[in-house]
Structure formats: C-alpha cells, structure tokens
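Input: a single structure, listed below in structure tokens.
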Amino acid sequence: MVIKTIFSGFGGQGVIMMGYLLATAGMYEEKHVTCLPSYGAEVRGGTANCTVVISSEEIASPVASEPEYAVLMNNPSLFRFQNQVQSGGTIFLNSSMIESRPIRGDLEIYEIPANDLAKQLPNNKVSNIIMLGAFIKKTEVVSLDTMTHALRETFGHKNPTIFKSNKTALLLGYDYLK
Amino acid sequence: MRGNHVVAEAAVRAGCRFYFGYPITPQNEVPEYMSERLSKVEGGVFIQAESEVASIHMVIGASMAGGRVMTSSSGPGISLKQEGISFLSALELPAVIVNMSRGGPGLGNIAPSQSDYFQATRGGGHGDYRNIVLAPNSCQELANLTYEAFNLADKYRTPVIILGDGMLGQMMEPVELPPEVQIKKLPHKDWTLTGAKGRPSRFIRSLILDPFEEEEHNWKLMRKYERIIKDETRWETSFMDDAKLVVVAFGIAARIAKGAIKRMREEGQKVGLIRPISLWPFPQKAIKELTKKVKHFFVFEMNMGQMLEDVKLALEGNGEVHFYGRPGGIILTPLEISRVISSYYYQKRLG
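Have a look at this one:
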C-alpha cells in the first residue's frame, strides 16, 4: 500500500503543517513516510505545497506522479493539481476560498468551507486542521487517535491552549463530513 | 526529521563541536539547529561569520587545533568557500563541508538541483587535489554518511563533502540517529597545533616554494587519494539480476529513478539501477563490471550531464550511454522519467 497526498495553498495557510502532521501521524503508526515540502522564497502569500507519501513498504520516490488525494486550500492550487490526481482519486477543497470546481468527472470531491467553519471557533487560524480532520475521516490513512497524538506532540509543549484549539478544529472537520 | 536538521544532529553526535557558517537557502536549518544545539554541549562553538570566506577559514583554524568541525552552504556559498577547501586539502586538515545545492549558475534559484557535481568531484578550488564526496539519497543515509564523514576526514586528513540538494535538505523522513561519540575516546591526532609546551614545535603550511618539495607534497597527496580510491568507493545496485538497461543516477535523482523503475518493472521492462554513493572516488570498476552483462546505460541527473562524463570514462567505450537531464531546479515525477527511459528501452529493442 502506497498512499500519496498533495497539500497545496498559499504560504501562511498551514499547508506544510498539514503535511508534517500527517507524516508524523503515519510515523506513529509504524509506516514508512516521506514529507516533501516545496515553497517559494516568500514566507507568506507565495505558493506552497507539500507531498506526503505513506506506505507499508520502503518508499522509492518522495515525489508523487499521480497522487491519490489532494487537499487544496485556494484557487491556484486547484488549477495546478486537479489534473495530476489519479483517476478515481479524491480532492478535498476549501470551498470558502475556491469558487471553481474541477471539470473532471472521474474524481470524488469533498467541499469543506474550512475558513467559515474556523470563524465559529475562538481561534480562527485553524482552517488547515479542519481540512485535515475531514481528510482523515474520509481516507482513513491514519486514525483520529493517532492524529490527536501527533497534534499533542507538535503543539502540546508550546502552549496547552494551542493544542486544545487545534484538537477542537480537528474534531470539527472530522464531524463535518458524514 | 528534516534533512537539514538530520545533518546537524548527526554531526554533533559524531563529535562535531565547531560550526561556522553563513546563511543561504535551502540549508538555513543547519545553522538554525546548530546555534541551539551547540550552545548546550560542552565546548560547543557556533559562529555565524560575516561571510562564507570567513567561515571556511574559521574551519581551517578549528581543524588545525584538532576539533571536529563542519560548515555548510549551498551552491553560491560553496563557490566562495573554494579557496579555503583548497587550503584544507594542501594543509591536510580534516573538515566536513555540506552542500545542499540549488539551481545555478550564478545566484540561480532555491530549487533543488545537482549542478554542483563537477565543483564537488573535481576539487573545485585551485591546485591538484580531490575531496571525498558523499551523495546521500534519504534522510537516514544523510545521518549515516554525515556521521561517517567525520571519521573519513580524520582518517585521511582530508576535507569531505556531503553533496545533497535543496530537496534532501527540506524533506522530512523518520530517522534512526547514530549513537553519540565520546570526544575523549576519538583517536589521538599527533599533528595538531595546540601550543608546544613540553614538546617540539610543529609546523603546518601550504606555501612550499621549492618545486621539488612541492612535487613531493603532491605525490604524498596523490598516494593518499589512491588509498581512498581503493578503500572508500561506495555504491548501491538494485533490480540488477536480469537487467538489460541500467539507469545510473545519484542522490535524490536516484530515488526518483527508483520510483520510475518500479513502475517499469510492473510492466515487465527489465531495467536496473546503480547509484554511486561516493561520487569521488567514483565507482568506476563497479560500472565497468556491469558491461559483462549489460550494454545499455541510461544516465539521469538533475543537471545537463556532469556525472555522465564519469560514467563514460568508467565504461571506456564498452556500452552505449544515453543521457537525460533536467537542470534549473525542475523536479521530475517518477512517471515522467519512466516514460523517457521506457521509450529509450523500446527504441533499442530491449523488450
């Protein structure tokens, strides 16, 4: 089993963090993982994407030719990656920021209004984690428990409230898709 | 762990206590990590120098005094360090230099590229010398080879270059780190300049005006390089049993090629892979050896054909070589490269 996922969006939307968390969770489940971030020289506002490969065997290439999944946070990402996803693959799109829809008919598409959902929360800088919650619900690449563990390990030592707000966001995204 | 952090941590565990550098993307996480890590170990020294030139000369100083020392940079910064690397070789000083290379020439860009192959393997600076060049292809190998590099540098008293690229530096993979060495248990160095109290004074210099003495010094280096070629050549092969076409690739390009070969194997195409791990010494014999079974070689690099020359030299005309390269920081997907290799495979009527 080799699962390749591309996360993409503006720098600042937490794209690399999504990839990092998924890879970390995969590692906790004793799988082979690689996480390949790619971004421009600018920190915020530039384009950023991140390829995560999770596999039960050794991973040959960390670069994905035809990813199974794409998590897209803005319009340019949709245009760039909609044709790369393999036939029968799945796109998770942030419908708060993406107006257009893929024209391909061979993909499964989930729309998550991540930014609008985030506004319901006291800390609204968590739209990426909401997307991640929805992503693991549908794909079951890693379990909710492992992802919560990865969140705790990543944010817990900094500030407990940050972990708490991210956990809330994860559950919100997880429960949003039925 | 991120590749750049892996290099830094593996270096500290190998006993590196001195780091001098100057920031440049895509290797900034190395000094970032070192600044914190070295402040917490006994005798750790971290200096962000005013330039690359200054940092490599600080490396010379620390190495002369017997410390395990490292510097890191990317393409343009490594160019600036070349003078110091030439001096390190002439003075026979151990040091580890990490190049997380990026698109070039000139300032180029910050995307991963393998265009520094010539610079690394041909010495790079002035004078008749070589560096040991190691090219890892995963974060795990990055840890192992960085660790090993310090031992090789001390063993042969020569600078060792870790040639990675922007992708390897930024990539995150789980890593099992090597154990921490005890500085006191490292082999004693009988040539360091530490003050001549109670012993005769020592002398380390690279200015040798008498041509006969300089020739002798060059021969001495040459004999050392021959020993390195004999004992330290490393490579890895995969899918070679029944291969009719062999892909030659190093570093991260070999990783992408391996993905491509897996795809092609699923379609029944008999393609193998040889990956030089030490770029100098280059695994010439191993490649020549392959010609007993295989006649077709496909070199894939993320540059315009640099290792290609070494492959041709190794083959000495035995075997047909085809090259495909993408310079400038383009990252191919395994699917794209598999199409190129595949079309060559059928063109040559191998399947």
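Those protein sequence lines, which keep their order, are chains A and B. Mapping of the first sequence onto our numbering: position 163 corresponds to residue 163, and the numbering continues sequentially without gaps. If you want our numbering, it's the 1-based position in the second sequence plus 1000. Idealized CB from N, CA, C, for every residue including glycine. Just so we're clear, the structure is a prediction, and the values are computed from it rather than from any experiment.
Taking a beta-carbon distance threshold of 7 Å, isoleucine 1331 of chain B counts as an interface residue toward chain A. Using a Cβ-Cβ cut-off of 7 Å, arginine 1255 of chain B counts as an interface residue toward chain A, since at least one Cβ of chain A sits closer than that to its own.
For glutamine 1048 of chain B, the secondary structure class from DSSP, reduced to helix, strand or coil, is strand. If the five residues before and after aspartate 1128 of chain B are omitted, its C-beta is found closer than 6 Å to the C-beta atoms of Asn1218, all from its own chain and listed in chain order.
Distances from the alpha-carbon of phenylalanine 79 of chain A to those of A/Thr47, A/Ser55 and A/Ala64 put A/Thr47 closest. About 5 Å separates the beta carbon of threonine 51 of chain A from that of isoleucine 6 of chain A, a gap short enough to meet the 8 Å contact definition. With respect to the 7 Å criterion, valine 53 of chain A and lysine 4 of chain A are classified as neighbours on the basis of their beta carbons. Contacts between glutamate 66 of chain A and chain B, judged by CB atoms closer than 7 Å, involve Leu1335 in chain order. With three or more CB-CB distances shorter than 8 Å, the stretch 1119-1126 of chain B counts as touching the stretch 1077-1089 of chain B. Interface flag for alanine 150 of chain A against chain B is unset, since no Cβ pair is found closer than 7 Å. With 16 or more neighbouring CB atoms inside 10 Å of its own CB, glutamate 1301 of chain B falls in the buried class. Within chain A, the C-beta atoms nearer than 9 Å to that of glutamine 1170 of chain B come from Leu36, Pro37, Ser38 and Tyr39, in chain order.
Nearest to alanine 1254 of chain B by C-alpha distance, out of B/Tyr1019, B/Ala1196, B/Gly1325 and B/Leu1313, is B/Gly1325. By the rule that beta-carbons nearer than 7 Å mark a contact, proline 1112 of chain B does not touch chain A. Boundaries of the beta strand (DSSP E) harbouring tryptophan 1280 of chain B: 1278-1280, taken from the DSSP string. DSSP places tryptophan 1219 of chain B in the uninterrupted alpha helix (DSSP H) bounded by 1211-1231. Within chain B, the residues placing a beta-carbon under 7 Å from that of serine 61 of chain A are Arg1255, Ile1256, Lys1258, Gly1259 and Pro1334, ordered along the chain. Under the 8 Å Cβ criterion, the stretch 1139-1154 of chain B does not count as touching the stretch 1071-1079 of chain B, having fewer than three qualifying pairs. In the displayed model, isoleucine 130 of chain A falls within a helix according to three-state DSSP.
The C-alpha of alanine 60 of chain A lies about 21 Å from the C-alpha of isoleucine 16 of chain A. Using a Cβ distance threshold of 7 Å, proline 1200 of chain B and threonine 1233 of chain B do not count as a contacting pair. As DSSP reads the structure, proline 1159 of chain B sits in a beta bridge with B/Ala1095. In this structure, the CA atom of glutamate 1036 of chain B is about 34 Å from the CA atom of proline 122 of chain A.
For the stretch 1171-1190 of chain B, the beta-carbon criterion of a distance under 8 Å to any beta-carbon of chain A is satisfied by Met1171, Met1172, Glu1173 and Pro1174. Looking only at A/Asn75, A/Gln86, A/Asn159 and A/Arg104, the smallest Cα-Cα distance to leucine 93 of chain A is reached by A/Asn75. When Cβ-Cβ separations below 7 Å define contact, alanine 23 of chain A makes contact with chain B. When DSSP states are grouped into helix, strand and coil, arginine 1275 of chain B belongs to the strand group. Within 8 Å of the CB of methionine 27 of chain A, the CB atoms of chain B belong to Pro1174, in sequence order along the chain. Within its own chain, the residues whose Cβ lies closer than 6 Å to the Cβ of phenylalanine 1018 of chain B, once the five positions on either side in sequence are excluded, are Val1045, Ala1062, Gly1067 and Val1069, listed in chain order. Neighbours of methionine 1264 of chain B in chain A, taken as residues whose beta carbon is under 7 Å from its own, are absent, since the nearest beta carbon is some 12 Å off.
Around the Cβ of phenylalanine 1212 of chain B, a 10 Å sphere holds fewer than 16 other Cβ atoms; the residue is exposed. No residue range can be given for serine 65 of chain A, since it is assigned to no alpha helix (DSSP H) and is classified by DSSP as neither H nor E. In this structure, the alpha-carbon of methionine 1 of chain A lies about 6 Å from that of serine 55 of chain A. When beta bridges are read from the DSSP output, alanine 1196 of chain B appears opposite no residue. Within the DSSP bridge table, the entry for lysine 4 of chain A names A/Val53 as partners. Along the stretch 1147-1167 of chain B, going in chain order, the ones with a CB nearer than 8 Å to a CB of chain A are Met1167.
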